[in-house]
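In what follows, a single structure is set out as structure tokens and then discussed.
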Amino acid sequence: MSRKIFYCLIISLVSSATVQSQVIQPGSHLRDYYELLTLKNPEISQPINIYPAIISEYEIDSTLSWNLWGDKFRLTQKTNKSRQFSWVDPYINYSANTVTPRGYNDGAIWSGKGSNIALTGGFQGKLGLLHYTFVPIFTWSENLPINIPSNVTNFDKSPYSYPFNGKIDYVQQFGEGAYSKFNLGQSEIRLVYKKITLGLSTANFKWGPSIWNPILMSNNAPGIPHMDLGTPAPIETRVGKFEGKIYWGAAYESDFFDDNQKNDTKYVTGISLGYEPKFVPGLGIGVNRVLYKTWNKETHSMLDYLAAFYRNTFNDSLKNDDYDQMISVTIKYQFPEVGFVCYIEYAKNDFHSNLAGWFEEFDRSRALNWGLSKVFNINDKNYLKVNYEFTTLSANQNQILPANSNPPYYVHAHVPGGYTNQGQIMGAGIGTGSNGSVLSFNWYHTDGKLGLTYSRIRFNDDYFVNSKKDQRYPPYPADFEISVGIDYVHYFHKFSIRPEITWNYRKNWYYQDEVEVHNFHFGLQAHYLIFG
Numbered sequence: 001m002s003r004k005i006f007y008c009l010i011i012s013l014v015s016s017a018t019v020q021s022q023v024i025q026p027g028s029h030l031r032d033y034y035e036l037l038t039l040k041n042p043e044i045s046q047p048i049n050i051y052p053a054i055i056s057e058y059e060i061d062s063t064l065s066w067n068l069w070g071d072k073f074r075l076t077q078k079t080n081k082s083r084q085f086s087w088v089d090p091y092i093n094y095s096a097n098t099v100t101p102r103g104y105n106d107g108a109i110w111s112g113k114g115s116n117i118a119l120t121g122g123f124q125g126k127l128g129l130l131h132y133t134f135v136p137i138f139t140w141s142e143n144l145p146i147n148i149p150s151n152v153t154n155f156d157k158s159p160y161s162y163p164f165n166g167k168i169d170y171v172q173q174f175g176e177g178a179y180s181k182f183n184l185g186q187s188e189i190r191l192v193y194k195k196i197t198l199g200l201s202t203a204n205f206k207w208g209p210s211i212w213n214p215i216l217m218s219n220n221a222p223g224i225p226h227m228d229l230g231t232p233a234p235i236e237t238r239v240g241k242f243e244g245k246i247y248w249g250a251a252y253e254s255d256f257f258d259d260n261q262k263n264d265t266k267y268v269t270g271i272s273l274g275y276e277p278k279f280v281p282g283l284g285i286g287v288n289r290v291l292y293k294t295w296n297k298e299t300h301s302m303l304d305y306l307a308a309f310y311r312n313t314f315n316d317s318l319k320n321d322d323y324d325q326m327i328s329v330t331i332k333y334q335f336p337e338v339g340f341v342c343y344i345e346y347a348k349n350d351f352h353s354n355l356a357g358w359f360e361e362f363d364r365s366r367a368l369n370w371g372l373s374k375v376f377n378i379n380d381k382n383y384l385k386v387n388y389e390f391t392t393l394s395a396n397q398n399q400i401l402p403a404n405s406n407p408p409y410y411v412h413a414h415v416p417g418g419y420t421n422q423g424q425i426m427g428a429g430i431g432t433g434s435n436g437s438v439l440s441f442n443w444y445h446t447d448g449k450l451g452l453t454y455s456r457i458r459f460n461d462d463y464f465v466n467s468k469k470d471q472r473y474p475p476y477p478a479d480f481e482i483s484v485g486i487d488y489v490h491y492f493h494k495f496s497i498r499p500e501i502t503w504n505y506r507k508n509w510y511y512q513d514e515v516e517v518h519n520f521h522f523g524l525q526a527h528y529l530i531f532g
């Protein structure tokens with residue numbers, strides 16, 4: 001591109017109509033506030049089952065009837081203008097861990113031991129049918145060393161990878177010394193024509209209404225480079241609203257798994273559908289399916305692009321087991337009149353191709369996540385939002401089949417690396433075989449919010465239970481953690497700041513008897529409101 005054409009393009013963009021930017025960074029407090037907005041403003045065309053980080057498609061016709069933060073958070077207004085441009089608020093995230101790495105649902109960020117910094121910002125807009133967003137992220141971690149047990153799975157993998165499951169690229173420490181990475185983050189180009197969209201994206205998205213631990217797709221890892229085809233927002237019909245997308249993408253191995261270059265890339269495909277019936281206001285139903293396998297150029301065919309529609313784990317045999325595949329059903333029911341929401345996600349990891357098989361082994365490899373939220377109106381300027389969520393990923397939770405017949409979540413015999421991207425799990429951040437719960441209180445006021453969070457995690461119960469049953473190994477103690485954290489958001493002038501501190505108490509760390517860890521996680525997030 002010549003310099004003259006480049007300058008003309010920049011001038012054209014900047015001179016276009018300016019709008020409020022709409023990108024919600026993973027780990028930002030804005031996601032929870034956005035969900036509060038949708039609860040208090042039922043007229044918003046909100047997601048049913050697909051929750052993207054880029055929400056520009058969810059435009060509104062008029063000013064919101066309820067918006068506690070006012071101009072501090074504005075949704076895009078519908079307009080007939082074919083050209084728009086806006087700068088995305090620059091954002092800085094600092095965190096520090098005193099003893100162990102800890103960070104969930106923060107996308108491309110690696111919150112290792114020591115100090116960690118993330119910087120992001122960019123722009124977005126549209127030119128006719130073309131919508132574009134460019135919000136890359138740069139991350140840096142001091143990445144101080146931790147004591148990782150030697151590889152107990154006898155699998156040829158990096159000593160920095162999770163030692164208690166062989167075939168999963170679950171990084172515990174990104175090598176020796178400081179670690180930095182540039183990622184395209186929440187960036188995409190997208191064509192939107194009426195009720196259909198086609199996009200190329202690296203942005204995060206999650207499936208289902210879960211706040212903390214979505215089972216199939218979350219914001220825990222960097223977004224995968226992918227192409228998607230579907231609806232840009234829910235479509236209104238006589239029988240209710242519908243939304244759906246099909247995905248084709250790639251997940252990449254970290255530098256700390258193995259030395260086999262043939263399994264460095266995984267092919268990921270999936271489909272997500274949502275339905276909100278008109279005759280049951282407030283009810284949203286979702287169905288999600290994801291498949292992934294090692295990307296082999298020699299055997300990859302056109303049929304693989306249709307795998308989400310026809311491939312099943314088994315039909316009297318394991319002939320389709322070259323893919324790891326998971327499916328989930330989500331239900332969300334909200335009552336705006338009283339500020340109450342409840343939700344559930346039921347998932348299966350490997351499943352029958354016939355209905356009889358489903359009912360025969362209903363408990364086989366199932367996972368469950370459920371939660372509820374309630375908003376209490378203290379007065380016109382103060383609101384309290386309470387959320388509780390419970391997640392179980394373990395195959396040993398009262399299931400009808402032996403644990404060794406239930407495949408662990410995010411790990412697969414035929415897919416080295418497992419369900420990860422760049423060393424982080426793409427599903428629930430608590431990890432394979434784990435169980436946990438979260439209770440949070442968020443007091444919202446006109447200038448920000450004050451939050452208190454308690455969580456409990458018992459890590460990888462599958463490994464713990466199986467090791468006690470197998471006489472080849474000693475009886476390990478359970479590895480569990482409790483955490484209490486407080487965070488505060490305050491808006492002033494054109495800035496917002498969010499300091500936070502969390503105390504993590506972890507007992508029997510890495511199944512080491514009586515090894516107790518007291519980790520403190522400190523955080524400070526700040527961003528500049530360009531249009532605040």
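Residue numbers for the sequence shown, in my numbering: 1 to 532.
A virtual CB, placed ideally from N, CA and C, is assigned to each residue, including glycine.
Check: Just reading off the alpha helix (DSSP H) that Tyr33 is part of, what are its end residues?
Finding: Position 33 of the sequence shown holds residue 33. Element bounds for Tyr33: Leu30 to Lys40.
Note to self: Helix, strand or coil, according to DSSP, for Ser467 in the structure here?
What the structure shows: If you number the sequence shown from 1, residue 467 lands on position 467. Ser467: helix per DSSP, three-state reduction.
Check: Going by beta carbon distance, what residues of the same chain come within less than 8 angstroms of Gly112, once the five residues before and after it are set aside?
Finding: Along the sequence shown, read from residue 1 onward, the residue named residue 112 stands at position 112. Cβ neighbours of Gly112 beyond the five flanking positions: Asn97, Pro101, Ser141, Glu142, Asn143, Leu144, Gln173, Phe174 and Tyr179.
Note to self: Suppose contacts are defined by Cβ-Cβ distances below 9 angstroms. Is Gln424 in contact with Trp207 by that definition?
What the structure shows: Locating residue 424 in the sequence shown gives position 424, counting from the first residue. Locating residue 207 in the sequence shown gives position 207, counting from the first residue. 9 angstroms or more divides the Cβ of Gln424 from the Cβ of Trp207.
Notebook entry, point to check: The beta strand (DSSP E) with Tyr310 in it runs from where to where?
Noted result: The count along the sequence shown starts at 1 and reaches residue 310 at position 310. Looking at the DSSP string, Tyr310 is not in any beta strand (DSSP E); the run it does join, the alpha helix (DSSP H), is Ala307 to Tyr310.
Note to self: By the three-class DSSP mapping on this structure, what secondary structure does Gly70 have?
What the structure shows: In the sequence shown, residue 70 corresponds to position 70, counting from 1. Note: Gly70 maps to helix in three-state DSSP.
Checklist line | Inter-stretch contact at 8 angstroms, needing at least 3 Cβ pairs: the stretch 191 to 205 / the stretch 164 to 173 | finding: The stretch 191 to 205 and the stretch 164 to 173 do not touch, with fewer than 3 CB-CB distances between them shorter than 8 angstroms.
Next item on the list: Could you check what DSSP says for Met302 in three-state terms: helix, strand or coil?
Entry: Walking along the sequence shown from the start, residue 302 turns up at place 302. Here Met302 sits in helix by DSSP.
Checklist line | Distance, Ile486 Cα to Thr502 Cα | finding: Counted from its first residue, the sequence shown places residue 502 at position 502. Counted from its first residue, the sequence shown places residue 486 at position 486. When rounded, the distance between both Cα atoms is 6 angstroms.
Check: Beta-carbon separation of Thr453 and Val489 under 9 angstroms?
Finding: Numbered from 1 along the sequence shown, position 453 holds the residue referred to as residue 453. Numbered from 1 along the sequence shown, position 489 holds the residue referred to as residue 489. Not closer than 9 angstroms, so no.
Next item on the list: Enumerate in chain order the residues of its own chain whose CB-to-CB distance from Ala507 is below 7 angstroms, with the five nearest sequence positions on each side excluded.
Entry: Position 507 of the sequence shown, counted from the start, is the residue given in the question as residue 507. Residue identity differs from the one stated: residue 507 is Lys in this sequence, not Ala. So the list reads Phe480 and Glu516, once near-sequence residues are dropped.
Next item on the list: Return the bridge partner residues of Leu452 from the DSSP annotation.
Entry: The count along the sequence shown starts at 1 and reaches residue 452 at position 452. Per DSSP, Phe441 and Ile486.
Next item on the list: Please list the segments of the beta strand (DSSP E) lying wholly inside the stretch 202 to 244, counting only runs of 3 or more residues, in order along the chain.
Entry: List check, beta strand (DSSP E) in window: 205 to 207, 226 to 230 and 235 to 237.
Check: In angstroms, rounded to a whole number, what distance separates the CA positions of Val152 and Tyr511?
Finding: Looking up residue 152 in the sequence shown gives position 152. Looking up residue 511 in the sequence shown gives position 511. Near 12 angstroms, if we compare the C-alpha coordinates of Tyr511 and Val152.
Next item on the list: State the Cα-Cα distance for the pair Thr299 and Glu253, rounded to the nearest angstrom.
Entry: Numbered from 1 along the sequence shown, position 299 holds the residue referred to as residue 299. Numbered from 1 along the sequence shown, position 253 holds the residue referred to as residue 253. Distance between the alpha carbons of Thr299 and Glu253: 20 angstroms.
Check: beta strand (DSSP E) containing Val23: first to last residue?
Finding: The residue given as residue 23 occupies position 23 in the sequence shown. Under the DSSP assignment, Val23 falls outside any beta strand (DSSP E); it carries neither an H nor an E label.
Check: Using the rule of at least 16 other Cβ atoms within 10 Å of the residue's Cβ for burial, across every protein chain shown, is His414 buried or exposed?
Finding: Mapped onto the sequence shown, residue 414 falls at position 414. Burial check for His414: the Cβ neighbour count within 10 Å stays below 16, so the residue is exposed.
Note to self: Could you tell me the alpha carbon to alpha carbon distance between Tyr528 and Lys494, rounded to whole angstroms?
What the structure shows: Translated into positions along the sequence shown, residue 528 becomes position 528. Translated into positions along the sequence shown, residue 494 becomes position 494. Looking at the backbone, the Cα of Tyr528 and that of Lys494 are separated by about 6 angstroms.
Margin query: With the cut-off set at 9 angstroms, would you say Glu199 and Gly107 are in Cβ contact?
Written below: By 1-based counting over the sequence shown, the position of residue 199 is 199. By 1-based counting over the sequence shown, the position of residue 107 is 107. Before going on, a small fix: residue 199 reads as Gly here, not Glu. No, the pair does not count as a contact, with Cβ atoms beyond the cut-off.
Item checked: Rounded distance between the beta-carbons of Phe376 and Ser95, thought under 8 angstroms -> Within the sequence shown, residue 95 is the residue found at index 95, counting from 1. Within the sequence shown, residue 376 is the residue found at index 376, counting from 1. Contact between Ser95 and Phe376 fails: their C-beta atoms lie close to 30 angstroms from each other, not under 8 angstroms.
Next item on the list: Can you have a look at Trp69 and say buried or exposed, based on whether 16 or more other CB atoms are within 10 angstroms of its CB?
Entry: On the sequence shown, position 69 is the one that residue 69 refers to. Classification for Trp69: buried.
Check: Does the stretch 385 to 396 touch the stretch 458 to 467, meaning 3 or more C-beta pairs lie closer than 8 angstroms?
Finding: Between the stretch 458 to 467 and the stretch 385 to 396, the count of Cβ pairs shorter than 8 angstroms is three or higher; the stretches touch.
Item checked: Backbone secondary structure at Asn165 - three-state DSSP -> Taking the sequence shown and counting its residues from 1, the one referred to as residue 165 is at position 165. Looking at Asn165 - three-state DSSP - the assignment turns out to be coil, as it is neither helix nor strand.
Notebook entry, point to check: Excluding the five sequence neighbours on either side, which residues of its own chain have a C-beta within less than 6 angstroms of the C-beta of Tyr51, listed in chain order?
Noted result: Residue numbering aside, residue 51 sits at position 51 when the sequence shown is read from its first letter. Around Tyr51: Lys206.
Note to self: Helix, strand or coil, according to DSSP, for Asn263 in the structure here?
What the structure shows: Here the question's residue 263 lines up with position 263 in the sequence shown. In the structure shown, Asn263 sits in a helix (DSSP, three-state: H, G or I).
Margin query: Beta-carbon within less than 6 angstroms of Phe182's beta-carbon, same chain only, minus the 5 sequence neighbours each way: which residues are those?
Written below: Here residue 182 is taken as the residue at index 182 of the sequence shown, counted from 1. If we look at Phe182 and ignore the five residues flanking it on each side, its Cβ neighbours are Phe138.
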